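The listed protein sequences derive, respectively, from chains W and C. The first sequence begins at 1 in the numbering used here and counts up by one. The second sequence begins at 1001 in the numbering used here and counts up by one.
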Amino acid sequence: MARITAMQVYGLLPKKNCKACGEETCMSFALKLMNREKTPFDCPNLSGAEREALIDFITPPVREVRIGSGDNEIRIGGEEVLYRHELKLFNPTALAIDISDSMSAEEIDERIEFVQNYCVERVGETLTLDALSIRSQSGDAKKFSSTVEVVSEKFSGPIVLCSLKPEVIESGLKILKDRKPLIYAATEGNWEDMLDLAKKYNAALAVYSEDIESLGNLTREISATGFLDMILDPGLNVIGNGLRNSLNTYTMIRKSAIKEVKELGYPLMAVPAVIWKGSDDKIATSFYESFIGCVFMDKFASLIIMHSIDYWAALPLLTLRQNIYTDPRTEPEVDSGMFTYGNPDENSPVLVTTNFSLTYFTVSSDLRRFNLDCYLLVVDAKGFAVDTAVATNDLNGSKIRDLIKNSGLEDKVKHKKLIIPLLASQIRGDIEDKTGWDVVVGPRDSSQIPGFLKEHWE
Amino acid sequence: MKNLEDLLEGADELEIEDFVMDVDEIELEMFPQLVLGKARELKATSRVERFSFKKPVDEYISEVMEVSIGPRSSSKKKITIGGSNMPALCFFEGDMPNKPVVAHDLFDMALSLPSSVKQYFEGVLDDPAEWAKKQVNDFNAEIITLHLISTDPNWRDTSAKDAAKTVEDVLQAVDVPLIISGSGNLDKDPEILEKVAEVCEGENVLLSAVNPMMDYARVVKAAVKYDHLVLSLVSMDPAGMKQMNRNIMKEGLSRERIIMDPVTGALGYGIEYSISTMERIRWTALMGDKDLSMPILSGTSNSWSAREAWLEERNWGPKEFRGPLWEAVTGTMTLLSGADIFMMLHPGAMKALKNLINSLFNESGEKAPAYREWINMEVK
Ligand code: B12
Ligand code: SF4
Chain W
1 MARITAMQVY GLLPKKNCKA CGEETCMSFA LKLMNREKTP FDCPNLSGAE REALIDFITP
61 PVREVRIGSG DNEIRIGGEE VLYRHELKLF NPTALAIDIS DSMSAEEIDE RIEFVQNYCV
121 ERVGETLTLD ALSIRSQSGD AKKFSSTVEV VSEKFSGPIV LCSLKPEVIE SGLKILKDRK
181 PLIYAATEGN WEDMLDLAKK YNAALAVYSE DIESLGNLTR EISATGFLDM ILDPGLNVIG
241 NGLRNSLNTY TMIRKSAIKE VKELGYPLMA VPAVIWKGSD DKIATSFYES FIGCVFMDKF
301 ASLIIMHSID YWAALPLLTL RQNIYTDPRT EPEVDSGMFT YGNPDENSPV LVTTNFSLTY
361 FTVSSDLRRF NLDCYLLVVD AKGFAVDTAV ATNDLNGSKI RDLIKNSGLE DKVKHKKLII
421 PLLASQIRGD IEDKTGWDVV VGPRDSSQIP GFLKEHWE
Chain C
1001 MKNLEDLLEG ADELEIEDFV MDVDEIELEM FPQLVLGKAR ELKATSRVER FSFKKPVDEY
1061 ISEVMEVSIG PRSSSKKKIT IGGSNMPALC FFEGDMPNKP VVAHDLFDMA LSLPSSVKQY
1121 FEGVLDDPAE WAKKQVNDFN AEIITLHLIS TDPNWRDTSA KDAAKTVEDV LQAVDVPLII
1181 SGSGNLDKDP EILEKVAEVC EGENVLLSAV NPMMDYARVV KAAVKYDHLV LSLVSMDPAG
1241 MKQMNRNIMK EGLSRERIIM DPVTGALGYG IEYSISTMER IRWTALMGDK DLSMPILSGT
1301 SNSWSAREAW LEERNWGPKE FRGPLWEAVT GTMTLLSGAD IFMMLHPGAM KALKNLINSL
1361 FNESGEKAPA YREWINMEVK
């Protein structure tokens, strides 16, 4: 169950309903607080102590850590729950691509460009990669700093600096002043030096140990000095029975965090890139890396470092991230109405779909992608996909009739033909009865619309 | 403990050997990192009390039902799934006596399969019995799903008798347990599945699927009469699933002869709904709700409804890789959410998921690369 409720938050507010926070009531302010759309500082009627108590109460059990700076800053962690249905997950997993200081200049450029150019349009959102991770394969500070230099000039996003040697890390930090990089990693052997560096250069600090007790011990030591910007790496064993241990470890850490074990209340990271060690089959390794990346994205990793730069291998990660970080409390929907694509005229086809975001954006991007000239009727089907809406009767003849009337479609076209998705073929008769229009059952998938129109329209 | 702290008080440099001599073994066990560490660390650890970790184990009052498919008494093989007493894959909280299982899909007619799947089955696509043999012999199927899609009135509208013949051929051809699925046509499936139940008497097959929108009682009664299992299908709705299960039991089928299909949405096309539905169902079962304590089936091949799996799109990279990866990830997400059995299509995706399951159950001898060296690894 959710850790805190709106009622409990409300209990800590002044209950004046004075609207100074921009909300109608204290209760709606409480909801906004829980959704992180407002902060305790937005209510002027709290005393210092009350505010402290409120902050303390609403601070998520998994600490939120920021890396990168300016527009490129990302936040990770900050989670409240173990399962998304208990509330929602707030900060999407950051995806970083691996660069080594021993790679050729061309390969490094290729990797920078991969992160900069990768972009998928899905459901009205643009999905991108977030960060670059630079590791000191050579162990040489000079080599490392010159790689960091090259990367930092071309890439303005967050950077992870990886070496267990403080002097190597410092050579990179000097170049990344004010960019809030992430240092990887503090260990039992080097943590004091790494902590000094993190403080001196204002960086976040990854803490690595494959033993949970040592990990908790390290964060206890470090937090005792007042430093809290930590990320935990409990190590990832990707094959054999190590995988079971890793899954256990990640789950135990997140679960402990939710149970307010504060030593473990930091975001987790995972490095599926380790799979590439000793691998000789590029495709199989990219495949497995992506697969494992998805497993640990679901099992609580807030930062993932990948080596593969195959477009197809990154795609599942970005898609999964979009899926599991959506808000389970609402159906994602768009406005209904009549939309035009290209330059339609009185003979152009009229297509019908629903207002579920995924459906609308999929259809819409297809119509645009193929430069079609047409009208699209987006029916208010309570945000359901085509076949769900058919099953619930939220897509039906009367709704389509009303939409035709209200949108003025009849003045735009001189024919009376509607094209509906194949999955709505069941309600063809109903639509014809209610609207008086002819209904043509279109293809199953909206990407097949161009081919279909070529064959069946004029 | 006191002892040790006293020892360290004021000690700037301390050789580990010197120190070991002064503490007894118990204390050393409590401070394992001391043995590895340098003197400087000793000083630091003495400031803060050492963190001790307690596994976050919860109490659960119930468990998932154990269910077997395949003849109860014969030399033929059978599989058993379910029985877990912990949230999905939380091995630190309990155990899972039976490994999750992958069921290999095959169809009674050559339908429009994705080309990247078809290539594996050229030559047997028109012969379900041969197709079944290939699944068992070449792809190590432990259980197969025969989809009788040709019975759909909107396709070939083949008869219940034709379907029975196909089922008998497949039963003859292989000795693994079967899931037998109708076409999904709500009007025709009851008739088809009833006939299937009859010809499969004694085989203890899983009849797929019954849902609230069809004459499910007819199928359930046949399952009772001929001793089979049924798959209870309700789309992403735990309350509806509970009701369906109760209705099935009202018709006389016992609890341990039901498997649930809460519907698997493809990655990118509803997987998050499946994840949350399965997690909720599993949680409810552990909290004692017997009506939701059956094992969960994941219709993983639904992943092929995602265009990322099959669309020819050069920018996205070869669909030959995308498709199986999409299916493998879709299946894995349901595994992580509580599914016990997976209906799957692509041999590559099945292999990936099976490997994962084997690793999780400690059956893979492979050694993981040493993680701590990833920083200086060389990638060829
Ligand atoms: C996710 C999902 C849900 C989600 C809701 C998602 C949503 N907002 O709609 C939830 C969990 C809430 C849900 C609930 C239900 N669902 Co549901 N659900 C699905 C699922 C898994 C995926 C749907 C989806 O997201 N599709 C993706 C979108 C993009 O697809 P689409 O809208 O069809 O659009 C495509 C095409 O239709 C076409 N297209 C679209 N517009 C146009 C226009 C033209 C002109 C053309 C040519 C083409 C075209 O191109 C698009 C891209 O491919 C499907 C199964 C499946 N795998 O398809 C079941 C499914 C749709 N659900 C089903 C059912 C029965 C239900 C429930 C009624 C179950 C119940 N008993 O409660 C409930 C009803 C909701 C309620 N009252 O609460 C059934 C429908 C059966 C039927 N055909 O009658 C399905 C098929 C599952 C099944 N096999 O049982 N569901
Ligand atoms: S400003 Fe504070 S007291 Fe006033 S309505 Fe908002 S939360 Fe309530």
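We put the CB at the ideal spot given by N, CA and C, even for glycine. Predicted model only: the values in this text are computed from it and were never measured.
Proximity of residue i and residue j at Cβ, strictly below 8 Å
i, j, result
"residue 390 of chain W", "residue 419 of chain W", "no"
"residue 9 of chain W", "residue 58 of chain W", "yes"
"residue 1229 of chain C", "residue 1067 of chain C", "yes"
"residue 1352 of chain C", "residue 1326 of chain C", "no"
"residue 225 of chain W", "residue 176 of chain W", "no"
"residue 396 of chain W", "residue 430 of chain W", "yes"
"residue 16 of chain W", "residue 45 of chain W", "yes"
"residue 1297 of chain C", "residue 1260 of chain C", "yes"
Any C-beta of chain W under 8 Å from that of residue i
i, result
"residue 1241 of chain C", "no"
"residue 1158 of chain C", "no"
"residue 1060 of chain C", "no"
"residue 1354 of chain C", "no"
"residue 1246 of chain C", "no"
"residue 1218 of chain C", "no"
Nearest-angstrom Cα separation, counted from residue j out to residue i
i, j, result
"residue 250 of chain W", "residue 1355 of chain C", "20 Å"
"residue 7 of chain W", "residue 53 of chain W", "15 Å"
"residue 121 of chain W", "residue 236 of chain W", "31 Å"
"residue 1279 of chain C", "residue 1088 of chain C", "8 Å"
"residue 231 of chain W", "residue 1346 of chain C", "37 Å"
"residue 258 of chain W", "residue 1358 of chain C", "30 Å"
"residue 162 of chain W", "residue 62 of chain W", "23 Å"
"residue 214 of chain W", "residue 1323 of chain C", "41 Å"
"residue 293 of chain W", "residue 313 of chain W", "10 Å"
"residue 51 of chain W", "residue 32 of chain W", "16 Å"
"residue 1159 of chain C", "residue 1151 of chain C", "6 Å"
"residue 1182 of chain C", "residue 382 of chain W", "31 Å"
"residue 1268 of chain C", "residue 385 of chain W", "13 Å"
CB contact check: residue i to chain C, cutoff 8 Å
i, result
"residue 119 of chain W", "no"
"residue 291 of chain W", "yes"
"residue 315 of chain W", "yes"
"residue 162 of chain W", "yes"
"residue 224 of chain W", "yes"
"residue 533 of chain W", "Since the first residue shown for chain W is 1 and the last is 458, residue 533 of chain W is missing from the structure and cannot be characterised."
"residue 116 of chain W", "no"
"residue 468 of chain W", "Within the shown structure, residues of chain W are numbered from 1 to 458, placing residue 468 of chain W beyond reach of any answer."
"residue 271 of chain W", "yes"
"residue 69 of chain W", "no"
heavy atom of the ligand NAD below 7 Å from residue i C-beta
i, result
"residue 25 of chain W", "No copy of the ligand NAD occurs in the structure displayed; its ligands are the ligand B12 and the ligand SF4 alone."
Checklist entry - Unbroken beta strand (DSSP E) runs of length 3 or more, entirely within the region 322-379 of chain W: which are they? => result Taken in chain order, the complete beta strand (DSSP E) segments of 3 residues or longer contained in the region 322-379 of chain W are 337-341, 350-354, 374-379.
Next on the checklist: So, does the region 1274-1289 of chain C touch the region 1245-1256 of chain C, judging by three or more C-beta pairs under 8 Å?
Outcome noted: As far as the Cβ criterion goes, the region 1274-1289 of chain C does not touch the region 1245-1256 of chain C, which means the pair count is below three.
Checklist entry - Is the region 92-108 of chain W close to the region 328-335 of chain W, with three or more CB pairs under 8 Å? => result The region 92-108 of chain W is not in contact with the region 328-335 of chain W.
Checklist entry - At which residue ranges does the region 378-437 of chain W contain complete alpha helix (DSSP H) runs of 4 or more residues, listed in the order of the chain? => result Complete alpha helix (DSSP H) runs here, min 4: 386-392, 397-407, 409-412, 428-435.
Next on the checklist: Closer than 8 Å is the cut-off here; do at least three beta carbon pairs connect the region 428-443 of chain W with the region 366-383 of chain W?
Outcome noted: Segment contact: the region 428-443 of chain W against the region 366-383 of chain W, fewer than three CB-CB distances shorter than 8 Å; contact not assigned.
Item to check | Three-pair Cβ contact test at 8 Å for the region 1205-1222 of chain C versus the region 1188-1196 of chain C | outcome: Remark: three or more beta-carbon pairs, one from each stretch, lie closer than 8 Å, so the region 1205-1222 of chain C and the region 1188-1196 of chain C are flagged as touching.
Checklist entry - Can we say the region 1369-1376 of chain C touches the region 132-145 of chain W, given the rule of at least three CB pairs closer than 8 Å? => result Counting Cβ pairs under 8 Å, three or more are found: they touch.
Checklist entry - What runs of the alpha helix (DSSP H), each 4 residues or longer, lie entirely inside the region 1137-1187 of chain C? => result Listed in chain order, the alpha helix (DSSP H) elements of length 4 or more contained wholly in the region 1137-1187 of chain C are 1160-1173.
Next on the checklist: Does the contact criterion of 3 or more C-beta pairs under 8 Å hold for the region 1248-1257 of chain C versus the region 1217-1234 of chain C?
Outcome noted: Because the criterion of three Cβ pairs below 8 Å is met, the region 1248-1257 of chain C and the region 1217-1234 of chain C touch.
Next on the checklist: Whether or not the region 294-306 of chain W and the region 342-351 of chain W are in contact is what I'm after, with contact meaning three or more pairs of Cβ atoms, one per stretch, closer than 8 Å; do they touch?
Outcome noted: In short, these stretches do not touch, since the Cβ pair count stays below three.
Item to check | the region 217-233 of chain W in contact with the region 21-32 of chain W per 3-pair CB rule at 8 Å | outcome: Two segments are said to touch when three or more pairs of C-beta atoms, one from each, lie closer than 8 Å; by this definition the region 217-233 of chain W does not touch the region 21-32 of chain W.
Checklist entry - What residue ranges within the region 1217-1292 of chain C form continuous beta strand (DSSP E) runs of no fewer than 3 residues, ordered along the chain? => result DSSP runs (the beta strand (DSSP E)) wholly in the region 1217-1292 of chain C: 1229-1233, 1258-1261.
Checklist entry - Which runs of the beta strand (DSSP E) fall wholly inside the region 1099-1123 of chain C and span at least 3 residues, in chain order? => result Complete beta strand (DSSP E) runs here, min 3: 1101-1107.
Checklist entry - Looking at C-beta atoms only, is the number of pairs between the region 64-83 of chain W and the region 272-289 of chain W that lie closer than 8 Å three or more? => result No, the region 64-83 of chain W is not in contact with the region 272-289 of chain W.
Next on the checklist: When you compare the region 262-270 of chain W with the region 306-323 of chain W, are there three or more beta-carbon pairs, one atom per stretch, that lie closer than 8 Å?
Outcome noted: Flag = no, the region 262-270 of chain W and the region 306-323 of chain W do not touch.
Checklist entry - Between the region 275-282 of chain W and the region 74-92 of chain W, do three or more beta carbon pairs fall short of 8 Å? => result Contact between the region 275-282 of chain W and the region 74-92 of chain W is absent, because fewer than three Cβ pairs lie under 8 Å.
Next on the checklist: Three or more C-beta pairs under 8 Å: does that hold for the region 1078-1094 of chain C against the region 1049-1065 of chain C?
Outcome noted: As far as the Cβ criterion goes, the region 1078-1094 of chain C touches the region 1049-1065 of chain C, which means the pair count is three or higher.
Checklist entry - What runs of the beta strand (DSSP E), each 3 residues or longer, lie entirely inside the region 106-176 of chain W? => result The qualifying runs are 120-122, 125-127, 131-135, 159-162.
Checklist entry - Could you give the uninterrupted runs of the beta strand (DSSP E) lying entirely in the region 56-82 of chain W, keeping only those of 3 residues or more? => result Secondary structure within the region 56-82 of chain W: the beta strand (DSSP E) runs of 3 or more consecutive residues, fully enclosed, are 64-67, 74-77 (chain order).
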